[in-house]
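Chains as they are written, first to last, in the working numbering: chain A, 1 to 165; chain B, 166 to 330; chain C, 331 to 495; chain D, 496 to 660; chain E, 661 to 825; chain F, 826 to 990.
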């Protein structure tokens, strides 16, 4: 599914003795990094209808989820133990509601010009935005599902561009 | 998919004017609450093999994810805007690796004896545990997918028991 | 300005030797507590017009500020050193724009049934909501002013009801 | 009140469709940035007298507020949703008590050499320092008012120096 | 060194399969809990003299350390993975400088009326207060040592009173 | 005990009037910084035996402590008031159990290429890792002691290399 890669497939967060460790990026050069993560939240037709029937409602719910996602992107390194803390130059969340599948596709884009990638920031922002929608719609449907959260795109750093379409 | 419910399907986090608001639980009675969320993280056969080949590796990765999930459960109200902060009496994460689908099923269980449910705590713990596994295995497979994160079980409170099998 | 009070006017956060200390509430009984804080953010006519000209713009900005205020209420004890951490049963933010003074009045309401008052939670929520509006409008007017942030109402606890009109 | 500016007065945190977004600073150059915010906390003569009568008391209260303000400056991006997280090179709080108006003027200075301004860090530090004083003096006067919190000075970045006297 | 105990010596945070888990306190009754931790920070005579020569200096440094310790007590469950988050009814820090050994003894006292002990809150508060003193004195002596941080006293809960003199 | 130093022994965090302040690093150049802190946790023979008897148990406890220490390193500036927030390029924790003294030596290494040293990050990581071990073993021995937490090594910046053996 992913494009061919020349990277050695290793678990970079384990040291020789098999114990977890942060990757040391002291020797890395900063470069422009972008990562895009995507996921989908699918709800019952009734819940989706409730959310969509009032324009304001949808706007408020999605804005709340967007704010939560952006805040989570900035706090990613507090949540994901071996992630580097870094200054993000951008974190944005987009929503694409789909009336036929009563689902919303969530896209999170993060950028930094620091020494490590921002995949985790994008994945975390996407997940927390989805969780926030779940929270606000769960009174109408507890069975809402977060589906298919994954990295879509990544650029910058030694490994260059990567796409997952 | 979910069991029949007598609750009115409304978006409880919107007020009459359609603006977001926290639910006021001042009048609610405390009760024993449990929520169980489940999700799955699916990776390439190669990444799964790397993770599984050393017993220690898998133990370290899963323990790190477990710790991250438990910590996230406790900080859920910082991430999910309209979630109530509350003392959890328990937060636990279990992993069930499946060699045939090269995936790991993650189950998060949260308990509280406060006035609101702990669904969001369980959903958040499950998601952050999955994100942590993603982080630690992404060097071997950037295309790892978080699938099907959803509530499995809930008990306590006015609405009683709910299952989603 | 405030209603007469029978409380002894002391600085409760200083001990006998004049050093700061948290108030020990071990012996206090829980009771229903409410606190309402109010403040105003005043901007230039041009900035206010920009904010008001698009309905969506105002909704998005105020919702973002509301979310920030609610999140800040829940994290008040992390910011205000001698404040007790406690579970809030409610935190809500209301906005009242005033076209003639090109200002917005912000009201923050917090509730808890714990052993201490929630004045600081309401004051903090109000301030952070105002700061968030400042942030989002500062490109149009850096000179925006936060005015008159103060407690309006308080009930519960030994000292009972208090109003500041 | 503010000095003339050549910036286009727009709400930089809204995109074309009127939805909130973080400003993308990927293309910006780092530069030395300073921001100074100022506010005033005004209390009843009795409360002010209590605070001032013991030198130690005032020192302890103001030091506690200073510490809270500095810590808040560093965590500004967690509180203000669309603010960039960045490393501060300095955060400082100064207090100027005024016996005649029984008020204390609070000045917060922040510096960074990153790509965005630090206005929000200074405004947040000033507000949290004021809130901390409120917290510690509210037993003597619940009606204490936070007045006139605003940006006083800003330098660095494309828009250069700005004063608000 | 510790008083005899009838508790079974087990590692309560490991489950049957040897994996870490939070203790489930769902079935426990709340009770008044107190814990006192103690530690010592020992510095070079020169650094101690610098700290002590100005009364104000010592007051400011110790107040800053006290504030940091109290804040850390409240955030203990964010730092210590398997610790329960709970509302503290009190957190206090005391300092006892000793001129002959140029050291300062730090005592942290925490109280709660929740279902679990507050040992970790007291231990964390004591450690962070000590680290804060280290930070502020390290320019004069990088070799400052944190010594002998341990629990001194504990009461409440099923195991009752415990002393470590 | 420490190597001779040409630095003036001053309390760098106090200004001329004796009040605490953050050091202004605006004018400093970034350089590669490393700091290593070390501490020891000593427990009763019985507790140490429990921890050591199952290989898995020790691995799980130490991994949990390692994760907690790394997370604490990244959040150091939230805990230590006058510490600068900065991006760490590495944070790692090592454990050296000693069967004869039934103690574990904890070493924390931090790196950054920012403008200030990372001593506090290393000291905090070491302390929180030790506290986490305490938490997980306290059911077997409440009297566990954290001993001798101190800086071992530091390099980078104007003052260059420093050792404390």
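Here a beta-carbon is modelled for each residue, glycine too, at the ideal position from N, C-alpha and C.
Nothing here was measured: the structure is a model prediction, and the numbers come from that model.
Within the stretch 352 to 373 of chain C, those residues whose Cβ lies closer than 7 Å to any Cβ of chain B are, in chain order, 362.
With fewer than three CB-CB distances shorter than 8 Å, the stretch 891 to 899 of chain F does not count as touching the stretch 968 to 987 of chain F. Under the three-state reduction of DSSP output, residue 254 of chain B falls in the coil class, being neither helix nor strand. Setting aside the 5 residues that flank it on each side, residue 611 of chain D is surrounded in the same chain by 520 and 579, each with a C-beta closer than 6 Å to its C-beta; the list follows chain order.
Per DSSP, the continuous beta strand (DSSP E) segment holding residue 599 of chain D begins and ends at 598 to 607. Residue-level contact by beta carbon fails for residue 922 of chain F and chain D, as no gap is shorter than 8 Å.
Taking residue 353 of chain C as the centre and dropping the five residues before and after it, the same chain places the C-beta of 342 closer than 6 Å to its C-beta, in chain order. About 37 Å separates the beta carbons of residue 378 of chain C and residue 417 of chain C, which is beyond the 8 Å limit, so they are not a contact pair. A Cβ-Cβ contact shorter than 8 Å links residue 106 of chain A with residue 40 of chain A. If only uninterrupted beta strand (DSSP E) runs of at least 3 residues are considered, those enclosed by the stretch 951 to 981 of chain F are 970 to 980. Against chain A, a Cβ distance below 7 Å from residue 397 of chain C picks out 64 and 67.
The beta carbon of residue 344 of chain C sits closer than 8 Å to those of 350 and 351, all from its chain and outside the five residues before and after it, given in chain order. Neighbours of residue 766 of chain E across chain F, judged by C-beta separation under 8 Å, do not exist; the nearest C-beta is about 12 Å away. For residue 528 of chain D, the enclosing beta strand (DSSP E) has its first and last residue at 528 to 537. In the DSSP secondary-structure assignment, residue 493 of chain C is bridged to C:483. Listed in chain order, the non-local C-beta contacts of residue 241 of chain B below 7 Å within the same chain comprise 248, 285, 286 and 289, local neighbours out to five positions each way being set aside.
Distances from the CA of residue 919 of chain F to each of F:899, F:903, F:884 and F:937 were compared; the closest alpha carbon is that of F:884.
By the criterion of a C-beta distance shorter than 6 Å, residue 631 of chain D is surrounded in its chain by 556, once the five residues flanking it on both sides are discounted. Across the stretch 633 to 647 of chain D, CB contacts with chain C closer than 8 Å involve 633, 634, 635, 636, 637, 638, 639, 640, 641, 642, 643, 644, 645 and 646, in sequence order along the chain.
Listed along the chain, the chain F residues whose CB falls inside 7 Å of the CB of residue 257 of chain B amount to none; the nearest CB is some 14 Å away.
In the DSSP assignment, residue 837 of chain F falls outside any alpha helix (DSSP H) and carries neither an H nor an E.
According to the DSSP secondary-structure assignment, residue 428 of chain C is paired through a beta bridge with C:433. Taking the Cβ atoms as the reference, residue 89 of chain A lies roughly 18 Å from residue 66 of chain A, outside the contact range of under 8 Å.
When rounded, the separation of the alpha-carbon atoms in residue 155 of chain A and residue 127 of chain A is 21 Å.
When secondary structure is reduced to three states using DSSP, residue 397 of chain C falls in the helix class. Our two residues, residue 492 of chain C and residue 483 of chain C, have alpha carbons roughly 6 Å apart in a direct line.
In the three-state scheme derived from DSSP, where H, G and I count as helix and E and B as strand, residue 355 of chain C is classed as coil.
Nearest neighbour of residue 698 of chain E by Cα position, chosen from E:763, E:677 and E:818, turns out to be E:763.
Taking a C-beta distance under 8 Å as the contact criterion, residue 965 of chain F and residue 670 of chain E qualify as a contact pair. Between residue 80 of chain A and residue 215 of chain B, the CB-CB gap reaches or exceeds 8 Å. Interface annotation, residue 572 of chain D: in contact with chain A, CB-CB separation under 8 Å. At least one beta carbon of chain B lies nearer than 8 Å to the beta carbon of residue 884 of chain F. Taking CB atoms only, residue 465 of chain C has a neighbour in chain D less than 8 Å away. Residue contact with chain C for residue 788 of chain E: absent (no Cβ-Cβ distance below 8 Å to any residue of chain C). One finds 185, 186, 187, 246 and 247 in chain B with Cβ atoms closer than 9 Å to the Cβ of residue 400 of chain C, taken in chain order. Selection B:197, B:329 and B:222 evaluated against residue 314 of chain B yields B:329 as nearest (Cα-Cα).
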